Amino acid sequence: MGKGIRKGRRRKDGERALSLAIAASGRGGRKENQKQDDETHHEHQLTLALPSFRKKHQKRLSAPSHWLLDKLSGVYAPKASPGPHKSRECLPLIIFLRNRLKYALNFRETRAILQQRLIKVDHKVRTDMTYPTGFMDVIGIEKTGENFRLIYDTKGRFTVHRIQEEEAEYKLGKVRRVQLGRGGIPFLVTHDARTKRSLSLQSISRWIKLWKAARRGRGYGQKKAPLEKERMSRNERGDER
1 MGKGIRKGRR RKDGERALSL AIAASGRGGR KENQKQDDET HHEHQLTLAL PSFRKKHQKR
61 LSAPSHWLLD KLSGVYAPKA SPGPHKSREC LPLIIFLRNR LKYALNFRET RAILQQRLIK
121 VDHKVRTDMT YPTGFMDVIG IEKTGENFRL IYDTKGRFTV HRIQEEEAEY KLGKVRRVQL
181 GRGGIPFLVT HDARTKRSLS LQSISRWIKL WKAARRGRGY GQKKAPLEKE RMSRNERGDE
241 R
């Protein structure tokens with residue numbers, strides 16, 4: 001009889017000790033979890049307090065393939081500046097002058113050419129080496145009397161297309177958005193982020209002709225009569241092919 005009582009007491013003592021240990025571990029776990037939550041909240045507050053800067057670098061392997069940059073010439077590639085064309089659909093000026101035209105051998109020579117204000121994009125002087133030129137842009141070099149228009153080849157890559165002075169007086173713009181402005185006056189937005197007032201609501205994906213402004217250094221001004229929609233060989237990549 002005495003042995004049974006002692007065994008029962010031992011069992012109860014063991015169960016009580018186990019329950020106390022579980023409770024203690026639960027309290028410790030809650031404290032640890034609360035500590036981790038406090039640290040996470042503190043890190044989140046620090047993250048919100050720090051400003052988010054725009055990335056200023058571009059890895060060569062992740063650069064657009066239509067830039068035609070070889071991957072063994074360095075780690076980084078020129079990062080396009082903010083501008084009228086998207087970063088994945090543009091060609092920075094430094095790549096155009098150094099890699100395509102071969103007018104410069106390196107970064108320093110390209111900067112010297114642009115700082116002399118010799119390069120014009122859409123009849124405006126550009127000194128930014130990473131300025132994003134894009135589809136249908138006209139690049140002019142007054143010192144050599146050359147004019148180029150950026151178009152795509154059959155594989156969707158930018159090609160150097162030389163044009164005459166008469167053809168450089170205009171460019172084509174594709175209508176991306178049409179809406180009504182103040183006073184019910186319609187306006188349209190082209191693929192190169194130009195906003196033009198329109199006499200009537202034009203259809204989206206239509207091409208319009210933009211002429212060079214009369215005043216010097218103004219770029220392209222008033223739009224003329226819209227061109228008929230056609231399947232051009234130099235159409236934008238992925239559109240109307």
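Sequential numbering of the sequence shown, starting at 1, is according to UniProt numbering.
Every residue, glycine too, gets a C-beta built ideally from N, C-alpha and C.
These figures come from a predicted structure and were not determined experimentally.
- Query: In whole angstroms, what is the alpha-carbon distance linking Q222 and H191?
  - Reply: Taking the sequence shown and counting its residues from 1, one reaches residue 222 at position 222. Taking the sequence shown and counting its residues from 1, one reaches residue 191 at position 191. Because Q222 carries a pLDDT of 47, less than 50, the predicted location of this residue cannot be relied on, and the following value inherits that uncertainty. When rounded, the distance between both Cα atoms is 16 Å.
- Sort K212, H57, F107, S205 by Cα distance to I95 and report the nearest one. On the sequence shown, residue 95 is found 95 positions in, with the first residue counted as 1. The shortest Cα separation from I95 among K212, H57, F107, S205 belongs to F107.
- Query: With distances taken between CB atoms, is the gap from G140 to H161 smaller than 8 Å?
  - Reply: The count along the sequence shown starts at 1 and reaches residue 140 at position 140. The count along the sequence shown starts at 1 and reaches residue 161 at position 161. No.
- Take the Cβ of R16 as the centre, count every other Cβ of all protein chains shown within 10 Å, and call the residue buried at 16 or more, exposed below. Sequence index remark: in the sequence shown, residue 16 carries index 16 (1-based). It counts as exposed.
- Same chain, Cβ closer than 8 Å to I113, neighbours up to 5 away in sequence not counted: In the sequence shown, the residue the question calls residue 113 occupies position 113. By the criterion of a C-beta distance shorter than 8 Å, I113 is surrounded in its chain by L97, Y103, A104, I119, once the five residues flanking it on both sides are discounted.
- In angstroms with no decimal places, state the Cα-to-Cα distance between S205 and K56. If you number the sequence shown from 1, residue 205 lands on position 205. If you number the sequence shown from 1, residue 56 lands on position 56. Near 33 Å, if we compare the C-alpha coordinates of K56 and S205.
- Terminal residues of the continuous beta strand (DSSP E) containing R176? Sequence index remark: in the sequence shown, residue 176 carries index 176 (1-based). Per DSSP, R176 belongs to the beta strand (DSSP E) from 170-180.
- Query: Relative to the alpha-carbon of G184, which residue among R177, V175, S198 has its alpha-carbon at the smallest distance?
  - Reply: Sequence index remark: in the sequence shown, residue 184 carries index 184 (1-based). Answer by Cα proximity: S198.
- Please check the pair L172 and M136, which I expect to be a contact at CB under 8 Å, by giving their CB distance rounded to whole angstroms. As a position in the sequence shown, residue 172 is number 172, starting the count at 1. As a position in the sequence shown, residue 136 is number 136, starting the count at 1. Contact holds; Cβ gap of about 5 Å.
- Query: In the DSSP assignment, what residue or residues form a beta bridge with E146?
  - Reply: Along the sequence shown, one-based indexing puts residue 146 at 146. Answer by DSSP bridge pairing, in chain order: I141.
- Message: Give me, in chain order, the residues of the same chain whose beta-carbon lies closer than 6 Å to that of R215; leave out the 5 immediate sequence neighbours on both sides.
- Response: Position 215 of the sequence shown, counting from 1, holds the residue named residue 215. Reliability fails at R215, whose pLDDT of 46 lies under 50, so the model's placement of it is uncertain and no value is given.
- What does a CB cutoff of less than 7 Å around K174 pick up in its chain, not counting 5 residues either side in sequence? Here residue 174 refers to the residue found at position 174 when the sequence shown is read from its first residue. Closer than 7 Å at the Cβ level, and outside the excluded window around K174, lie T190, H191, S205, W207, E236.
- Task: Could you tell me if T110 is buried or exposed, where buried requires 16 or more neighbouring beta carbons within 10 angstroms of its beta carbon?
- Result: Here residue 110 corresponds to residue number 110 of the sequence shown, with the count starting at 1. Looking at its Cβ environment, which holds 16 or more other Cβ atoms inside 10 Å, T110 is buried.
- Query: Can you name the start and end residues of the alpha helix (DSSP H) that T110 belongs to?
  - Reply: Stepping through the sequence shown from its first residue, residue 110 is reached at position 110. Element bounds for T110: 107-115.
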